[in-house]
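Visitor: Let me begin by handing over the structure; questions about it come next.
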Amino acid sequence: MASSLFSHAPEPSDPGKPAAPIICEVSVPHPREQAFEGFTELIHLWWPIVDYGVFGEGAHLEFEGRVLAETSDRDEVEIWADILEWQLGALIQLSWHRGSGPSAASRLEVAFEADRPESSTVRLVHSGWENVPAGGAAREEYAGEWPEILAKYARFMGGIRSSVRTIPPGP
715 MASSLFSHAP EPSDPGKPAA PIICEVSVPH PREQAFEGFT ELIHLWWPIV
765 DYGVFGEGAH LEFEGRVLAE TSDRDEVEIW ADILEWQLGA LIQLSWHRGS
815 GPSAASRLEV AFEADRPESS TVRLVHSGWE NVPAGGAARE EYAGEWPEIL
865 AKYARFMGGI RSSVRTIPPG P
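Take the position in the sequence shown, starting the count at 1, then add 714; the result is the number in our numbering.
Written out as structure tokens, the structure reads:
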């Protein structure tokens, strides 16, 4: 396609090219099994539900059965994700559809790797934006949210808030 006549005009995006994944990492001062447990079993203690939840104050988030669900203080339930893979202490893969329903799901993967016996790297990859309505806008929103959410997790786990790294996607 020809370039725009105006040098300041953005080039049209390639509709066949999927949006790049969001990749963030954080280090926590715990073995990977404890990092996994903190992320999964204790998510209700660190997830910033007021800022990044459906029901707000009084709600809680938890993995239960094969889903990640938010429950309000009035027992209303919103399913955020379906669990695709659960490798205890190592990996969680989710069909992520917070607020959009399972037919418009992106993919979220959280991997836990030991750095040393007493610390771990938690790597979050959020992809599949082509499956979400207004995927580009959704990606931009999550690109701003995930570093803040992982910072809350790191602080809860005794890590350094500034240890969250956003990694540019490869070519």
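Glycine included, C-beta positions come from ideal geometry on N, C-alpha and C.
Here the structure is a predicted model, which is why all the values come from computation and not from measurement.
Report yes if the CB atom of Pro745 is closer than 8 angstroms to the CB atom of Gly872, and no otherwise.
Guide: No.
Visitor: Starting from Glu823, follow the beta strand (DSSP E) in both directions and report where the run begins and ends.
Guide: Unbroken beta strand (DSSP E) run through Glu823: Ser820 to Arg830.
Visitor: Decide if Leu759 is buried, meaning its Cβ has at least 16 other Cβ atoms within 10 Å, or exposed.
Guide: Label assigned to Leu759: exposed.
Visitor: What residues are listed by DSSP as bridge partners for Trp800?
Guide: Answer is Ile806.
Visitor: My parser needs the beta strand (DSSP E) runs of 3 or more residues fully inside the region 827–873; what are they?
Guide: Taking only runs of at least 3 residues, the beta strand (DSSP E) segments lying wholly in the region 827–873 are 833–841.
Visitor: When the Cα atoms are used, what is the spatial distance from Gly772 to Gly813?
Guide: If I take the Cα positions, the gap works out to 18 angstroms.
Visitor: Return the CA-CA distance between Ala783 and Glu776, expressed in angstroms with no decimal places.
Guide: Computed Cα separation, rounded: 6 angstroms.
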